[in-house]
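Contents: one structure, followed by commentary.
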Amino acid sequence: MKFVFRNHILRLAGYMEIFLAIMLLVGVMIASIGLLKSLYGISLNFSNTTYFHSFLGYTMALIIAVELIKMITRNTPGSTIEVLLFAISRKLIVSEENSLGFLIGVIAIGLLFSIRKFLFVPQFTTEEGVIISAAMTITEAKKISGHQLPDLANTIGGLVSYIAQQENRKLREGEIYEINGVKMRINRLQNGIIEVVEFVKSED
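This is the structure we're talking about:
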(Lines of atoms letter the chains of each structure in order from A and count residues from 1; the text may use other names and numbers.)
(Lines give C-alpha, C1' and ligand atoms only; values in the text may rest on other atoms or scores of the structure.)
Protein backbone atom coordinates (compact mmCIF):
# COMPACT_ATOMS: atom_id res chain seq x y z
CA MET A 1 0.00 0.00 0.00
CA LYS A 2 2.82 2.40 0.82
CA PHE A 3 4.23 1.99 -2.71
CA VAL A 4 0.86 2.84 -4.30
CA PHE A 5 0.33 5.87 -2.04
CA ARG A 6 3.90 7.08 -2.53
CA ASN A 7 3.73 6.71 -6.31
CA HIS A 8 0.43 8.65 -6.45
CA ILE A 9 2.22 11.51 -4.69
CA LEU A 10 5.18 11.20 -7.08
CA ARG A 11 2.87 11.36 -10.10
CA LEU A 12 1.13 14.45 -8.71
CA ALA A 13 4.52 16.07 -8.16
CA GLY A 14 5.44 15.11 -11.72
CA TYR A 15 2.35 16.86 -13.09
CA MET A 16 3.25 19.96 -11.09
CA GLU A 17 6.77 19.87 -12.55
CA ILE A 18 5.34 19.68 -16.08
CA PHE A 19 3.05 22.64 -15.35
CA LEU A 20 5.95 24.69 -14.01
CA ALA A 21 8.09 23.72 -17.01
CA ILE A 22 5.34 24.92 -19.37
CA MET A 23 5.06 28.23 -17.51
CA LEU A 24 8.82 28.65 -17.66
CA LEU A 25 8.81 27.85 -21.38
CA VAL A 26 6.16 30.51 -22.00
CA GLY A 27 8.26 32.97 -20.03
CA VAL A 28 11.34 32.13 -22.12
CA MET A 29 9.40 32.62 -25.36
CA ILE A 30 8.15 36.02 -24.21
CA ALA A 31 11.58 37.04 -22.93
CA SER A 32 13.16 35.99 -26.24
CA ILE A 33 11.45 38.96 -27.87
CA GLY A 34 13.79 41.13 -25.84
CA LEU A 35 16.72 39.73 -27.82
CA LEU A 36 15.47 41.63 -30.86
CA LYS A 37 15.65 44.86 -28.87
CA SER A 38 19.19 44.01 -27.81
CA LEU A 39 20.16 43.27 -31.41
CA TYR A 40 18.73 46.61 -32.47
CA GLY A 41 20.80 48.35 -29.81
CA ILE A 42 23.95 46.61 -31.05
CA SER A 43 23.26 47.66 -34.65
CA LEU A 44 23.05 51.29 -33.58
CA ASN A 45 26.14 51.19 -31.38
CA PHE A 46 28.87 49.21 -33.13
CA SER A 47 31.71 50.72 -31.12
CA ASN A 48 30.03 50.36 -27.72
CA THR A 49 30.62 46.90 -26.26
CA THR A 50 28.16 47.53 -23.44
CA TYR A 51 25.24 46.59 -25.66
CA PHE A 52 26.90 43.37 -26.78
CA HIS A 53 27.79 42.54 -23.18
CA SER A 54 24.14 43.00 -22.23
CA PHE A 55 23.02 40.90 -25.21
CA LEU A 56 25.41 38.11 -24.23
CA GLY A 57 24.16 38.08 -20.63
CA TYR A 58 20.55 38.09 -21.81
CA THR A 59 21.19 35.15 -24.14
CA MET A 60 23.01 33.12 -21.50
CA ALA A 61 20.14 33.70 -19.07
CA LEU A 62 17.67 32.32 -21.62
CA ILE A 63 19.94 29.34 -22.29
CA ILE A 64 20.05 28.57 -18.57
CA ALA A 65 16.25 28.80 -18.45
CA VAL A 66 15.97 26.35 -21.36
CA GLU A 67 18.39 23.96 -19.63
CA LEU A 68 16.33 24.30 -16.46
CA ILE A 69 13.24 23.23 -18.41
CA LYS A 70 15.15 20.21 -19.70
CA MET A 71 16.27 19.40 -16.16
CA ILE A 72 12.67 19.47 -14.90
CA THR A 73 11.34 17.30 -17.72
CA ARG A 74 14.21 14.79 -17.79
CA ASN A 75 14.60 14.65 -14.01
CA THR A 76 18.11 13.18 -14.21
CA PRO A 77 21.37 14.02 -12.38
CA GLY A 78 23.03 14.71 -15.74
CA SER A 79 20.61 17.48 -16.64
CA THR A 80 21.15 19.07 -13.22
CA ILE A 81 24.88 19.22 -13.79
CA GLU A 82 24.33 20.76 -17.24
CA VAL A 83 22.30 23.58 -15.67
CA LEU A 84 25.06 24.21 -13.13
CA LEU A 85 27.68 24.22 -15.89
CA PHE A 86 25.77 26.84 -17.88
CA ALA A 87 25.13 28.94 -14.77
CA ILE A 88 28.81 28.99 -13.80
CA SER A 89 29.84 29.64 -17.41
CA ARG A 90 27.48 32.60 -17.56
CA LYS A 91 28.99 33.95 -14.35
CA LEU A 92 32.49 33.69 -15.80
CA ILE A 93 31.68 35.06 -19.25
CA VAL A 94 29.28 37.88 -18.43
CA SER A 95 30.33 39.02 -14.96
CA GLU A 96 33.53 40.93 -14.48
CA GLU A 97 35.23 38.60 -12.04
CA ASN A 98 38.69 39.15 -10.60
CA SER A 99 41.42 36.57 -11.02
CA LEU A 100 40.46 34.70 -7.85
CA GLY A 101 36.77 34.57 -8.80
CA PHE A 102 37.63 33.39 -12.29
CA LEU A 103 39.92 30.68 -10.87
CA ILE A 104 37.20 29.49 -8.49
CA GLY A 105 34.75 29.31 -11.38
CA VAL A 106 37.13 27.25 -13.50
CA ILE A 107 37.76 24.89 -10.58
CA ALA A 108 34.01 24.53 -10.06
CA ILE A 109 33.51 23.59 -13.72
CA GLY A 110 36.35 21.08 -13.48
CA LEU A 111 34.75 19.51 -10.40
CA LEU A 112 31.40 19.24 -12.14
CA PHE A 113 33.00 17.47 -15.09
CA SER A 114 34.80 15.13 -12.68
CA ILE A 115 31.54 14.34 -10.90
CA ARG A 116 29.86 13.70 -14.21
CA LYS A 117 32.60 11.35 -15.35
CA PHE A 118 33.57 9.45 -12.20
CA LEU A 119 30.80 9.73 -9.59
CA PHE A 120 27.69 8.95 -11.59
CA VAL A 121 25.84 5.83 -10.48
CA PRO A 122 23.16 4.11 -12.60
CA GLN A 123 21.27 2.88 -9.52
CA PHE A 124 20.32 3.86 -5.99
CA THR A 125 21.00 1.64 -2.99
CA THR A 126 18.61 1.57 -0.05
CA GLU A 127 18.48 -0.42 3.16
CA GLU A 128 16.22 -2.93 1.43
CA GLY A 129 18.06 -3.36 -1.85
CA VAL A 130 19.10 -1.83 -5.16
CA ILE A 131 16.72 0.31 -7.19
CA ILE A 132 17.16 0.45 -10.97
CA SER A 133 15.24 1.48 -14.06
CA ALA A 134 13.03 -1.22 -15.54
CA ALA A 135 14.43 -0.31 -18.97
CA MET A 136 17.92 -1.48 -17.96
CA THR A 137 19.18 -4.49 -19.88
CA ILE A 138 19.63 -7.85 -18.19
CA THR A 139 23.39 -7.68 -18.78
CA GLU A 140 23.70 -4.32 -17.02
CA ALA A 141 21.41 -5.48 -14.21
CA LYS A 142 23.65 -8.49 -13.61
CA LYS A 143 26.70 -6.27 -13.20
CA ILE A 144 24.98 -3.83 -10.86
CA SER A 145 23.08 -6.28 -8.66
CA GLY A 146 25.59 -9.11 -8.69
CA HIS A 147 22.81 -11.62 -9.27
CA GLN A 148 22.74 -14.35 -11.88
CA LEU A 149 19.68 -13.47 -13.91
CA PRO A 150 18.34 -15.65 -16.74
CA ASP A 151 18.33 -14.15 -20.23
CA LEU A 152 14.59 -14.58 -20.68
CA ALA A 153 13.96 -10.97 -21.67
CA ASN A 154 15.84 -7.95 -22.97
CA THR A 155 15.22 -5.71 -19.96
CA ILE A 156 14.74 -6.21 -16.23
CA GLY A 157 11.17 -4.98 -16.56
CA GLY A 158 10.57 -7.56 -19.27
CA LEU A 159 11.95 -10.26 -16.97
CA VAL A 160 9.54 -9.30 -14.20
CA SER A 161 6.67 -9.34 -16.70
CA TYR A 162 7.77 -12.79 -17.87
CA ILE A 163 7.78 -14.10 -14.29
CA ALA A 164 4.31 -12.67 -13.66
CA GLN A 165 3.02 -14.26 -16.86
CA GLN A 166 4.47 -17.66 -15.97
CA GLU A 167 2.92 -17.51 -12.51
CA ASN A 168 -0.43 -16.17 -13.81
CA ARG A 169 -0.08 -13.06 -11.66
CA LYS A 170 -1.00 -9.48 -12.39
CA LEU A 171 1.62 -6.76 -12.22
CA ARG A 172 1.16 -4.76 -9.03
CA GLU A 173 3.22 -2.12 -7.31
CA GLY A 174 4.96 -3.37 -4.19
CA GLU A 175 4.67 -7.05 -5.06
CA ILE A 176 7.75 -9.27 -5.19
CA TYR A 177 8.54 -11.61 -8.08
CA GLU A 178 11.22 -14.24 -7.65
CA ILE A 179 13.34 -16.28 -10.05
CA ASN A 180 16.44 -18.36 -9.31
CA GLY A 181 16.39 -17.10 -5.74
CA VAL A 182 16.47 -13.45 -6.87
CA LYS A 183 13.66 -11.30 -5.48
CA MET A 184 12.52 -8.29 -7.49
CA ARG A 185 9.87 -5.83 -6.41
CA ILE A 186 7.94 -3.49 -8.70
CA ASN A 187 8.78 -0.12 -7.25
CA ARG A 188 6.77 1.92 -9.76
CA LEU A 189 4.10 0.88 -12.25
CA GLN A 190 2.17 3.22 -14.53
CA ASN A 191 -0.48 2.29 -17.10
CA GLY A 192 0.57 -1.34 -16.91
CA ILE A 193 4.22 -0.50 -17.70
CA ILE A 194 6.94 -1.23 -15.16
CA GLU A 195 9.14 1.84 -14.65
CA VAL A 196 11.29 1.05 -11.61
CA VAL A 197 12.38 -2.30 -10.16
CA GLU A 198 14.03 -2.98 -6.80
CA PHE A 199 16.24 -5.97 -6.03
CA VAL A 200 15.19 -7.05 -2.54
CA LYS A 201 17.77 -8.49 -0.18
CA SER A 202 17.31 -12.19 0.50
CA GLU A 203 16.74 -11.67 4.22
CA ASP A 204 13.67 -9.60 3.43
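Numbering-wise (my numbering), the sequence shown opens with residue 5 and increments by one. We treat Cβ as the ideally placed atom computed from N, Cα and C, and that holds for glycine. Predicted model, so just to flag it, every value in this text is computed and none were measured.
{"Item": "C-alpha distance - Y44 paired with Y55, whole-angstrom precision", "Value": "9 Å"}
{"Item": "Distance CB(L193)-CB(L175) smaller than 8 Å", "Value": "yes"}
{"Item": "M20 (DSSP reduced to helix, strand or coil)", "Value": "helix"}
{"Item": "Three-way DSSP call (helix, strand, coil) for E179 in this model", "Value": "coil"}
{"Item": "Strand pairing of R120, partner residues [DSSP]", "Value": "Its beta-bridge partners do not exist; DSSP assigns none."}
{"Item": "Nearest to V87 (by Cα), restricted to the options L116, A17, E71, R94", "Value": "E71"}
{"Item": "Strand pairing of F203, partner residues [DSSP]", "Value": "V134, M188"}
{"Item": "Alpha-carbon to alpha-carbon, E179 and I92", "Value": "44 Å"}
{"Item": "Residues near I85 in its chain [Cβ-Cβ closer than 8 Å; skip 5 each side]", "Value": "L116, I119, R120"}
{"Item": "Whether F59 touches S42 by CB criterion (8 Å)", "Value": "yes"}
{"Item": "Member of L156, V134, A157 whose CA lies at the smallest distance from the CA of K147", "Value": "V134"}
{"Item": "Per DSSP, the bridge partner or partners of I198", "Value": "L193"}
{"Item": "Rounded distance between the beta-carbons of I97 and V201, thought under 8 Å", "Value": "Contact flag wrong, Cβ pair sits at about 43 Å."}
{"Item": "Residue closest to T77, alpha-carbon to alpha-carbon, out of S51, G18, I37, D155", "Value": "G18"}
{"Item": "Burial state of M75 (16 or more Cβ within 10 Å)", "Value": "buried"}
{"Item": "Counted within 10 angstroms of its Cβ, other Cβ atoms place E177 as buried (16 or more) or exposed", "Value": "buried"}
{"Item": "Closest residue to S165 among M188, L104, A145 (Cα-Cα distance)", "Value": "M188"}
{"Item": "Option nearest A69 by Cα separation, candidates E171, G114, V32", "Value": "V32"}
{"Item": "Cutoff 7 Å; reference I46; Cβ partners in own chain excluding five residues on either side", "Value": "Y55, F56, F59"}
{"Item": "Per DSSP, the bridge partner or partners of T141", "Value": "T159"}
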